[in-house]
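For the sequence shown, position 44 matches number 44 in the working numbering, and the numbering has no gaps at all.
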Amino acid sequence: MQLVEKELVDLDTDINRYLSEPHHRIFHPNYSSHSITLRRLLSHSSSIAVDEGIQLSLYRPGDAAFEQSTLAETLFTNVNPNTSNWLPKPPGTVAFYSNDGSSLAGLVVERVANMPFDRYVKEKIMKPLSIDINKVGVRLADFSNREDLVKHYAYAFNASNLNEWTQGMPQLNVTQLSDNFPTWLYIPFFGFSTYPAGLFRMSAGSLSKFLQMFMNNGSVLLNPRSVAEMKMIVGGGLIPYYDPNGIASSSVIPPPSFGLSWTWQTLSDGRRYIGHSGSLPGSRHWMLVNANNTVGVIVLTNGDSNVPSGRSEQYYKLLEKIHLALFQCFETEIAKSSAYHKNVTFFELLMVMFFPFIYLFFMK
């Protein structure tokens, strides 16, 4: 959105104009007249759907992924009209979460800003928010002390669970912490070349500064109009979530509604919240803001939730309960402070050994 404000990019222009790759044009093979635009990429309505097996194969131990392939090389290989990594629907007509769509938007930033995406994030986003750029990064080489990085784990209930990991991602060398089941599995640090989809390593405190910027209508980074546009549901809520087998509609997690990179989610209390969630092998994260824009909650975990569906739903419900409990607690505090005409500020960081979880919550 910074580039939009500077009129360097337009949300509704074909991204090929910015990629400037005449031999690597991005378009849907069956709907070439429907342009792939930044708005469609950021709202996950581009009809890009790269096979999960391909995405898992991109994970490489340590920083090896960055040595083997660039962001552009990987995307032009996986997202091109000669592949089958597309939904059978025209871009702009259905929504479906796409990591590679997000990464393509990151590649546009690289080309227009003429610098690597991770450097752009550090220089143009982290620095203005007074986040120490020596303590955030994508590569392990970005950190002088890797002991500061939280290690990642998954839980195996039986040998079948372990086989899923070793067969699905043999390159990561996942190991058991105990010979007996159930047991924890240790997942070594890894990276992947399509990192704009989600690999920035930072603390909950640093991430909270970014979320507070969003709650403060852009503060030093964006003007309020840009934040309002990011919050607006693309298509006015009329773009359905692509769910041909009814999996999303029957899930404990209802399909989200997409703004620009930010998603609206209805939780079990019937209320809508805006934010973003994500998971990688050995981690699950979720940050949300209430509709009144008064309370934000971040939960970062170093435990994997991609387990058999019953357990996965239990983990999701637990994460949801944590969020709802914190929202209820601090919304009540806000109501009390309003009654007494006091300004309330609260910031606290807790670590609880369950996965373990890291909580972070604050009020505007």
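A virtual CB, placed ideally from N, CA and C, is assigned to each residue, including glycine.
Source: prediction; values computed, not measured.
(message) Please report the distance separating the alpha-carbon of V174 from that of I15.
(response) What you label residue 174 is simply residue 174 of the sequence shown in a count that begins at 1. What you label residue 15 is simply residue 15 of the sequence shown in a count that begins at 1. The alpha-carbon atoms of V174 and I15 are separated by roughly 38 Å.
(request) Report yes if the C-beta distance between E331 and T294 is below 8 Å; otherwise report no. (result) Against the sequence shown, residue 331 aligns to sequence position 331. Against the sequence shown, residue 294 aligns to sequence position 294. Closer than 8 Å, so yes.
(message) Bridge partners for G168 per DSSP, in chain order?
(response) Walking along the sequence shown from the start, residue 168 turns up at place 168. According to DSSP, which records beta bridges pairwise, G168 is partnered with nothing at all.
(request) Only counting runs of 3 or more residues, tell me where the beta strand (DSSP E) segments fall wholly within the segment 250-283, in order along the chain. (result) 263-266 and 272-280
(message) Using a Cβ-Cβ cutoff of less than 6 Å, which residues in the same chain neighbour N217 once the five nearest sequence positions on both sides are dropped?
(response) Locating residue 217 in the sequence shown gives position 217, counting from the first residue. Only P224 and V227 meet the Cβ criterion.
(message) My output table needs one value for P356: the three-state DSSP class, helix, strand or coil.
(response) Here residue 356 refers to the residue found at position 356 when the sequence shown is read from its first residue. Only weak support is given to the placement of P356: the predicted model assigns it a pLDDT of 43, under 50, and the value that follows is read from those uncertain coordinates. Of the three classes helix, strand and coil, the one that applies to P356 here is coil, per DSSP.
(request) Go ahead and label P91 buried or exposed: buried means 16 or more other beta carbons lie within 10 angstroms of its beta carbon, across all protein chains shown. (result) Stepping through the sequence shown from its first residue, residue 91 is reached at position 91. Flag for P91 reads buried.
(message) With a threshold of 8 Å, are at least 3 pairs of Cβ atoms found where one atom belongs to the segment 105-112 and the other to the segment 61-68?
(response) no
(request) May I ask you to list the residues that DSSP assigns as paired with F190? (result) In the sequence shown, the residue the question calls residue 190 occupies position 190. Partner(s): P61.
(message) For R272 and L3, what's the separation of their Cα atoms in angstroms?
(response) Here residue 272 is taken as the residue at index 272 of the sequence shown, counted from 1. Here residue 3 is taken as the residue at index 3 of the sequence shown, counted from 1. Using only the alpha carbons, I get a separation of about 29 Å.
(request) Return helix, strand or coil for Y120, following the three-state DSSP convention. (result) Here the question's residue 120 lines up with position 120 in the sequence shown. In this structure, Y120 counts as helix in the three-state DSSP scheme.
(request) Find out if the Cβ-Cβ distance for the pair P196, G282 is shorter than 8 Å. (result) Counted from its first residue, the sequence shown places residue 196 at position 196. Counted from its first residue, the sequence shown places residue 282 at position 282. No, they are not a contact pair.
(request) Please look up how many angstroms separate the CB atoms of K209 and L129, rounded, as I've assumed it's under 8 Å. (result) Indexing the sequence shown from 1 puts residue 209 at position 209. Indexing the sequence shown from 1 puts residue 129 at position 129. So it is a contact: roughly 5 Å between Cβ atoms.
(request) Taking F181 and A159 to be in contact with their CB atoms under 8 Å, please state how far apart those CB atoms are, rounded to whole angstroms. (result) Your numbering for residue 181 matches position 181 in the sequence shown. Your numbering for residue 159 matches position 159 in the sequence shown. About 6 Å separates the two Cβ atoms, so the contact holds.
(message) Going by beta-carbon coordinates alone, are G259 and I233 separated by less than 8 Å?
(response) In the sequence shown, counting from the first residue as 1, residue 259 sits at position 259. In the sequence shown, counting from the first residue as 1, residue 233 sits at position 233. It is a contact, given that the beta carbons lie within the stated cut-off.
(request) Could you spell out the range, first to last residue, of the alpha helix (DSSP H) harbouring T301? (result) Within the sequence shown, the letter at position 301 stands for residue 301. It is not in any alpha helix (DSSP H) - T301 instead sits in the beta strand (DSSP E) that spans V295 to T301.
(request) Please list, in chain order, all residues of the same chain as D51 whose beta carbon is under 8 Å from its beta carbon, the five residues on each side excluded. (result) As a working mapping, residue 51 is identified with position 51 in the sequence shown. Excluding residues within five positions, the ones whose Cβ falls inside 8 Å are S84 and N85.
(message) Considering Cα atoms alone, identify which of L319, A335, S193 and F190 is closest to S277.
(response) Position 277 of the sequence shown, counting from 1, holds the residue named residue 277. Minimum Cα distance to S277 is reached at L319.
(message) Suppose you measure from the CA of L211 to the CA of I274; what does that come to, to the nearest Å?
(response) The residue labelled residue 211 in the question sits at position 211 within the sequence shown. The residue labelled residue 274 in the question sits at position 274 within the sequence shown. Near 11 Å, if we compare the C-alpha coordinates of I274 and L211.
(message) Buried or exposed, going by whether 16 or more other CB atoms sit within 10 Å of the CB of R40?
(response) Counting from 1 along the sequence shown, the entry for residue 40 is found at position 40. When all chains shown are included, R40 counts as buried.
(request) Since I believe F189 is in contact with L149 (beta carbons under 8 Å), could you give me their beta-carbon distance rounded to a whole number of angstroms? (result) As a first step, residue 149 must be located in the sequence shown, where it is residue number 149. As a first step, residue 189 must be located in the sequence shown, where it is residue number 189. Between F189 and L149 the Cβ distance is about 7 Å, and since that is below 8 Å, they are a contact.
(request) Express the C-alpha separation of N82 and M213 in angstroms, rounding to a whole number. (result) Within the sequence shown, the letter at position 213 stands for residue 213. Within the sequence shown, the letter at position 82 stands for residue 82. Each residue's Cα considered, the two are about 41 Å apart.
(message) Which residues does DSSP list as the beta-bridge partners of Y241?
(response) Sequence index remark: in the sequence shown, residue 241 carries index 241 (1-based). A95.
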